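Worksheet: the structure to be examined is printed underneath.
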Amino acid sequence: MKITTIFFDLDGTLYPHNNGVWGAIAENMDRYIVDNFGINEDKVAKLKQDYFIEYGTTLRGLQKNFEVDTLDYLAHVHDIPLEKYLKPNSKLNDILTQLPQKKWILTNSDYPHSERVLNQLGIKQHFEGIIDVWTTKFLPKPDPFAFNKALEIAGHLNSSDCLFVDDIPKNIEGAKTLGFKTVLVSDIKTEVSPDFQISQIHDLLIEIPELATNN
Ligand SMILES: [Mg+2]
1488 MKITTIFFDL DGTLYPHNNG VWGAIAENMD RYIVDNFGIN EDKVAKLKQD
1538 YFIEYGTTLR GLQKNFEVDT LDYLAHVHDI PLEKYLKPNS KLNDILTQLP
1588 QKKWILTNSD YPHSERVLNQ LGIKQHFEGI IDVWTTKFLP KPDPFAFNKA
1638 LEIAGHLNSS DCLFVDDIPK NIEGAKTLGF KTVLVSDIKT EVSPDFQISQ
1688 IHDLLIEIPE LATNN
């Protein structure tokens, strides 16, 4: 399996989804939605769920249905003490060092949050760049636009030369449809049938050792 480039999702992929980061961001989102859009506190969870299903992210749903100050929203929701949840990850650092491919972050989050996460994990130096939700013009994964934009930015690549790693089945499905090789980082059984499935990012080279030699 010859892979030239690996696109990694960030949140829930390069660190576990249940380590507290997402909970803290979700709390900030809830408060922001209640304070700014007049949504009742007990309706927020359903609204977010509906938006996630229909639009891919809560933000995209808010943009479609309300006047949103996007910079203000993103700054508020990501204002969390990251150092409380994330430590430098030498194991992940080792794995990334062993991968000869070019590596990119492809995230539905924004650049400042992504950069802070990578710095906190101590792995930023491995990545060519961060393709964030501004870059994909708020058409988040699994929208084909996001994947095609990523291929274009990384050097007008063919999807079949690329591996896409994400923790959300519908993102994997979107990438597969476009011809990427895929790795789902999740314990959950899914209908999507990724090319590979691992329960944590630390298992990447255990599951696909040929990535290190790239042939
Ligand atoms: Mg994720």
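In the working numbering, the protein residues as written are 1488 to 1702.
Idealized CB from N, CA, C, for every residue including glycine.
From a predicted model like this one, the values you see are computed outputs, not experimental measurements.
In chain order, Asp1498 and Asp1654 place their CB closer than 8 Å to the CB of His1504, counting only its own chain and leaving out the 5 sequence neighbours on each side. In this structure, Arg1603 is the residue among Arg1603, Lys1589, Gln1550 and Phe1667 with its C-alpha nearest to the C-alpha of Pro1575.
Between ligand 1 and the CB of His1504, the shortest heavy atom gap is smaller than 8 Å. Just so you know, the alpha carbons of Ile1567 and Ala1699 end up roughly 35 Å apart.
Looking only at Thr1594, His1613 and Lys1663, the smallest Cα-Cα distance to Gln1585 is reached by His1613. Taken atom to atom, the span from the alpha-carbon of Glu1694 to that of Thr1557 is near 39 Å. For Lys1628, there is no enclosing beta strand (DSSP E), as DSSP marks it with neither H nor E. For Phe1524, the enclosing alpha helix (DSSP H) covers residues Val1508 to Phe1524.
With a threshold of 8 Å, the Cβ atom of Ile1655 counts as near ligand 1, since some heavy atom of the ligand is closer than that. Not one heavy atom of ligand 1 falls within 8 Å of the beta-carbon of Asp1566. Taking a cut-off of 8 Å for Cβ pairs, the segment 1617 to 1635 and the segment 1504 to 1514 do not touch, as fewer than three such pairs fall below it.
For Asp1559, the closest C-alpha among the options Leu1546, Asn1552, Lys1571 and Thr1594 is that of Leu1546.
Beyond the five residues adjoining it in sequence on each side, His1565 comes within less than 6 Å, by CB distance, of His1600 in the same chain, given in chain order.
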